[in-house]
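Chains as they are written, first to last, in our numbering: chain A, 1 to 477; chain B, 1 to 516. Each remark here refers to the structure printed beneath this line.
Next up, the structure:
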């Protein structure tokens, strides 16, 4: 550092003799150059250094919030000072203090990065942002003199704005380092997400890797092995970088799960110092490990759609259309649940899964008129359990208004099916039970045009096919 | 009159004000009372109050509302926010084969064993496993291959013993788990583990958890019903006790209601002569009034359970006779279930009853079939057991399927452990024995949530150790809960300082490989 100071000092002397620039500027430029040169003395080489460096460095996140707070306070004070003169001095003090703590934070941050051997674009950007911020603060301090004399108020204003923007940019990268780059986007509404954060895997979006391996790596590994940090020289944020491996060689050995470093590390006992994910982050689940193992065994291909031996239930494939939010009607629904009679029961804790109309308690007395009363809940009802009730064909008309109906139980009712054709407009209907009714094959024929009806039960009816007891319009199960 | 110790307005409580002492002294006393006493007590009260708000409220609240009387029902089916996600199955039926069916003779086909007849099982297969007292003393462990031939069935070509001709017809609908394994080697702990997730008594069973978590679908019938199959004196009947369907630390209204296998399914359901429905109603109303007063005074949640049980019994007076009245069953029912189903208490009869309960919205039914503890007489007992249960299982699944009930019902078939490949006692061409074996056994499931025509897990050549995809009892139970829309890790009940769960504190995993 002494060299830099000497150089800076010499340059300062030369400028002073020239008497062209005020003293404060000379000081500012010298200090700025020294700060900018700091990384030269602690080059980030990706190797961990002495432990005490890291120990001290780990106070960086603590210290760093001090200049953040002070810098945000600065424009506020400056603005308030236009009304209250006494705050002017306060603003000056805050600016000086912000500069001191900012420089200290940079030092600690450098110690942290240098000591832990962390590298990566985000680390570099965060560091450069901090340095630029410190220099800008220095300039602010220099310009502020003239500002107080009533000159250069515009450049001061521009500088403060620049400081704020740099602060936001640097802080964002710092946050990404601690919390992972997907911290902000993780729970973002899907529409916003599509706009801001396009998916990282694109070449084979339907491959086993993209659907079942990449998400595991993304949630459990990429925080330390990604763009932010490249611990062990390893990045796991794309297929190519996963296969390329890190400092210790390849981590995935195709067709050899036991020889794959990645699988070895995640299956160590959690107390082992080499266990991954490190530092108490959430370990991989048994299923996830089994998935990776099967994929490696299959040759770790980037494009294969499925892997032998692994069956993953794709519940999203036939995820039914969500129904609207019925929370507003919840008071009424709850009241119904507490009294005797037909009830509306939520399918699950998610309101968008809809409601079940349950009549078991009052089966014998539940008739067409009572069903009609549920019409205003119609958009939310996904299943109507009307088996063994007193409803008749007249209710089919009502039911055809239940646009989100997926399952309809009419077994053991007086329905004879004259009006069944009306149900074919129910595009969500997959299950219809007409067992033990008086329907005929002619009556059920129009149901063939119901787009999604997969399970039609006609047990003990005139329409029952002779070969098998249950029959599907298309296929069952 | 002697005061009750709990009585608050005790008459002979004496204060200094009542004593015959100088009034100056009384005045001084009252000053002390107001300052020191007040401050001292105030401090304590404040401390307790803050403690109570910190953790008291949370830990006591469930006591008052555990009985399902929570007035602040949330958005979900109930206040617990269950089901956690849209369930595939609304109800479940559990066919429990108590005594442990021998997987080697029924499902786990090991064709290579035939040549191993009477050869010693290699010591490496058993490893250092501790055996039961029944075979630990045996000089040798001769391999006993299955006595009955196996054949392939269905589109899936699944191998099934010829002892199960009916089950063989529906293999394409079933998911076999050949790698089920447990921790216990004796009946009582194993059957407890299977049913309650814990070997020691006092924990709620699967049915009680479901009744607590998912609630009733029919207010006129119990949420959880247990049916016992009549015992067959030819079989080795290990006892089953009511703690297998107990609600443990949950409110007792969630425990299983047993229907008797002989006589009236529920005792004392008929009103006595001279008591009509209205009189009965009036009597119950009066009793309820008294119970409510007790509840208000004492606050014991069990009083709530009692009120609920009285009401349930009243409604069951009409619903149970209707349930057990089989006279309206069509002829096709008897063709399917067989003539045995007409005789109350048989396995087939219970299967038919279970189907009727499924139709009427009973959440969970469990049939216990005892007698599978075949020990030293496999050839003598196993055909009897299979003959008794095989058709019932097939009839139940087929009946549920043709009536459209299998789309939202999960059917489970399991015992508490498996049986050894080596013979217990003498081995001959005519007969052999099999001892308890916890390391692997075969179970099956079918219906809503599980993949039909599927075999999961593999055992070694001796059907002794699991070599692929082990399914521990905990995983088995976690998977059942998953099919019913429950995340087993989130479904907990605070008791004895633990977030108690069906799957115990040990991690459990939903078996993805058997899900539909």
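The C-beta atom is built at its ideal place from N, Cα and C for all residues, glycine as well. Everything numeric in this text was worked out from a predicted model, so none of it was measured.
Checklist entry - residue 120(B) by DSSP, collapsed to three states: which one? => result Against the second chain, residue 120(B) aligns to sequence position 120. If DSSP states are grouped into helix, strand and coil, residue 120(B) belongs with the strands.
Checklist entry - Are the beta-carbon atoms of residue 346(B) and residue 354(B) separated by less than 8 Å? => result Locating residue 346(B) in the second chain gives position 346, counting from the first residue. Locating residue 354(B) in the second chain gives position 354, counting from the first residue. Contact: no.
Checklist entry - Taking any Cβ of chain B, which residues in the region 350–361 of chain A have a Cβ under 8 Å from it, in chain order? => result Of all residues in the region 350–361 of chain A, only 350, 351, 353, 358, 360 and 361 come within less than 8 Å of chain B when Cβ atoms are compared, listed by chain position.
Item to check | Nearest to residue 117(B) (by Cα), restricted to the options 132(B), 269(B) and 141(B) | outcome: Against the second chain, residue 117(B) aligns to sequence position 117. The candidate whose alpha carbon is nearest that of residue 117(B) is 141(B).
Checklist entry - Secondary structure at residue 229(A), three-state DSSP: helix, strand or coil? => result By one-based count along the first chain, residue 229(A) stands at place 229. Looking at residue 229(A) - three-state DSSP - the assignment turns out to be coil, as it is neither helix nor strand.
Checklist entry - Among residues of its own chain, excluding the 5 on either side of residue 25(A), which ones have a beta-carbon nearer than 6 Å to its beta-carbon? => result The residue labelled residue 25(A) in the question sits at position 25 within the first chain. So the qualifying residues of the chain are 142.
Checklist entry - So residue 358(B) packs on residue 93(B), CB below 8 Å; how close in whole Å? => result Within the second chain, the letter at position 358 stands for residue 358(B). Within the second chain, the letter at position 93 stands for residue 93(B). Right, the Cβ-Cβ distance comes to about 7 Å (below 8 Å), so this counts as a contact.
Item to check | Within-8 Å CB hit, residue 217(B) to chain A | outcome: Taking the second chain and counting its residues from 1, one reaches residue 217(B) at position 217. Yes, residue 217(B) lies at the interface with chain A (some Cβ there is under 8 Å from its Cβ).
Checklist entry - Would you call the region 53–63 of chain A and the region 128–139 of chain A touching, i.e. three or more CB-CB distances under 8 Å? => result Counting Cβ pairs under 8 Å, fewer than three are found: no touch.
Checklist entry - For residue 326(A), does the three-state DSSP call read helix, strand or coil? => result As a first step, residue 326(A) must be located in the first chain, where it is residue number 326. Residue state, collapsed to three classes: coil.
Next on the checklist: Within 8 Å, do at least three Cβ pairs link the region 395–409 of chain B to the region 447–461 of chain A?
Outcome noted: A contact exists between the region 447–461 of chain A and the region 395–409 of chain B.
Checklist entry - Counting Cβ pairs closer than 8 Å, one from the region 157–165 of chain B and one from the region 426–438 of chain B, do we hit at least three? => result The answer is no - the region 426–438 of chain B does not touch the region 157–165 of chain B, with fewer than three Cβ pairs under 8 Å.
Next on the checklist: I want to see whether chain B comes within less than 8 Å of residue 459(A), judged by CB atoms only; does it?
Outcome noted: For the purposes of this step, residue 459(A) is identified with residue 459 of the first chain, where counting begins at 1. Yes, residue 459(A) lies at the interface with chain B (some Cβ there is under 8 Å from its Cβ).
Next on the checklist: Quick check on DSSP: helix, strand or coil for residue 153(B)?
Outcome noted: Position 153 of the second chain, counted from the start, is the residue given in the question as residue 153(B). Residue 153(B): strand per DSSP, three-state reduction.
Next on the checklist: Please classify residue 103(B) as buried or exposed, where buried requires at least 16 other C-beta atoms within 10 Å of its C-beta.
Outcome noted: In the second chain, residue 103(B) corresponds to position 103, counting from 1. When all chains shown are included, residue 103(B) counts as buried.
Checklist entry - Between the Cα of residue 139(A) and the Cα atoms of 160(A), 123(A) and 126(A), which residue gives the shortest distance? => result Within the first chain, residue 139(A) is the residue found at index 139, counting from 1. Of the candidates 160(A), 123(A) and 126(A), the one whose C-alpha sits nearest the C-alpha of residue 139(A) is 160(A).
Checklist entry - Is it true that the CB of residue 208(B) sits closer than 8 Å to the CB of residue 247(B)? => result For the purposes of this step, residue 247(B) is taken as the residue at position 247 of the second chain. For the purposes of this step, residue 208(B) is taken as the residue at position 208 of the second chain. Going by C-beta atoms, residue 247(B) is nearer than 8 Å to residue 208(B).
Item to check | Cβ-Cβ separation, residue 419(A) to residue 388(A) (assumed contact under 8 Å), whole Å | outcome: Within the first chain, the letter at position 388 stands for residue 388(A). Within the first chain, the letter at position 419 stands for residue 419(A). Their Cβ separation, rounded to whole angstroms, is 20 Å, which puts residue 388(A) and residue 419(A) out of contact at 8 Å.
Checklist entry - Under a CB-based cut-off of 8 Å, is residue 82(B) close to chain A? => result As a position in the second chain, residue 82(B) is number 82, starting the count at 1. Interface flag for residue 82(B) against chain A is set, since a Cβ pair is found closer than 8 Å.
Checklist entry - Of the residues 436(A), 335(A), 93(A) and 265(A), which one's Cα is nearest the Cα of residue 333(B)? => result Locating residue 333(B) in the second chain gives position 333, where the first residue counts as 1. Minimum Cα-Cα distance from residue 333(B) among the listed residues 436(A), 335(A), 93(A) and 265(A) corresponds to 436(A).
Checklist entry - Can a CB atom of chain B be found closer than 8 Å to the CB of residue 347(A)? => result Position 347 of the first chain, counting from 1, holds the residue named residue 347(A). At least one chain B Cβ lies under 8 Å of residue 347(A).
Checklist entry - Skipping 5 residues on each side, what residues in its chain have a beta carbon closer than 8 Å to that of residue 456(B)? => result Here the question's residue 456(B) lines up with position 456 in the second chain. Listed in chain order, the non-local C-beta contacts of residue 456(B) below 8 Å within the same chain comprise 175, 176, 177, 178, 179, 469, 471, 511, 513 and 514, local neighbours out to five positions each way being set aside.
Checklist entry - Looking at C-beta atoms only, is the number of pairs between the region 254–264 of chain B and the region 197–211 of chain B that lie closer than 8 Å three or more? => result Taking 8 Å as the limit for Cβ pairs, the verdict is that the region 197–211 of chain B does touch the region 254–264 of chain B.
Item to check | Residues from the region 406–430 of chain B in contact with chain A, defined by Cβ distance under 9 Å | outcome: From the region 406–430 of chain B, only 406, 407 and 408 have a Cβ closer than 9 Å to chain A.
Checklist entry - What first and last residue would you give for the beta strand (DSSP E) that runs through residue 500(B)? => result Locating residue 500(B) in the second chain gives position 500, counting from the first residue. Segment 498–500, the beta strand (DSSP E) holding residue 500(B).
Item to check | Per-residue DSSP class, three states only, for residue 444(B) | outcome: Counting from one through the second chain, the residue named residue 444(B) turns up at place 444. It is a strand residue.
Item to check | 4-residue-minimum alpha helix (DSSP H) runs that sit fully inside the region 37–121 of chain A, ordered along the chain | outcome: The qualifying runs are 51–57, 60–81 and 87–116.
Next on the checklist: List, in chain order, every chain B residue whose beta-carbon is nearer than 9 Å to that of residue 332(A).
Outcome noted: Position 332 of the first chain, counted from the start, is the residue given in the question as residue 332(A). For residue 332(A), no chain B residue has a C-beta closer than 9 Å to its own C-beta; the minimum C-beta separation is roughly 13 Å.
Checklist entry - How would you write the range of the beta strand (DSSP E) that residue 401(B) sits in, first residue to last? => result Translated into the one-based positions of the second chain, residue 401(B) becomes position 401. Premise fails: residue 401(B) lies in the alpha helix (DSSP H), 378–402, not in any beta strand (DSSP E).
Checklist entry - Is it true that the region 365–377 of chain A meets the region 273–293 of chain A, where meeting means three or more beta-carbon pairs spaced less than 8 Å apart? => result Verdict: no, contact absent.
Checklist entry - Skipping 5 residues on each side, what residues in its chain have a beta carbon closer than 8 Å to that of residue 63(B)? => result As a working mapping, residue 63(B) is identified with position 63 in the second chain. Per-residue confidence for residue 63(B) stands at a pLDDT of 46, beneath the threshold of 50, marking its modelled position as unreliable; the derived number appears in the next sentence. For residue 63(B), where only same-chain residues beyond five positions count, the Cβ hits under 8 Å are 301.
Checklist entry - Roughly how many whole angstroms lie between the Cα atoms of residue 190(B) and residue 416(B)? => result As a first step, residue 190(B) is located in the second chain; it is residue number 190 there, counting from the start. As a first step, residue 416(B) is located in the second chain; it is residue number 416 there, counting from the start. Here the C-alpha atom of residue 190(B) lies approximately 6 Å from the C-alpha atom of residue 416(B).
Item to check | Where residue 186(B) meets chain A, residues with beta-carbon distance less than 9 Å | outcome: As a position in the second chain, residue 186(B) is number 186, starting the count at 1. Taking a Cβ-Cβ threshold of 9 Å, none of the residues of chain A is close to residue 186(B); the smallest such distance is about 28 Å.
Checklist entry - Are there three or more Cβ pairs, one per stretch, closer than 8 Å when the region 175–185 of chain A is compared with the region 258–266 of chain A? => result No, the region 175–185 of chain A does not touch the region 258–266 of chain A.
Checklist entry - Which whole-angstrom value is the C-beta distance of residue 235(A) and residue 226(A), which I expect to be below 8 Å? => result The residue given as residue 235(A) occupies position 235 in the first chain. The residue given as residue 226(A) occupies position 226 in the first chain. Yes, residue 235(A) and residue 226(A) are in contact; Cβ-Cβ is about 6 Å, under 8 Å.
Checklist entry - Between residue 201(B) and residue 443(B), what straight-line distance do the alpha-carbon atoms span, to the nearest angstrom? => result Counting from one through the second chain, the residue named residue 201(B) turns up at place 201. Counting from one through the second chain, the residue named residue 443(B) turns up at place 443. Using only the alpha carbons, I get a separation of about 24 Å.
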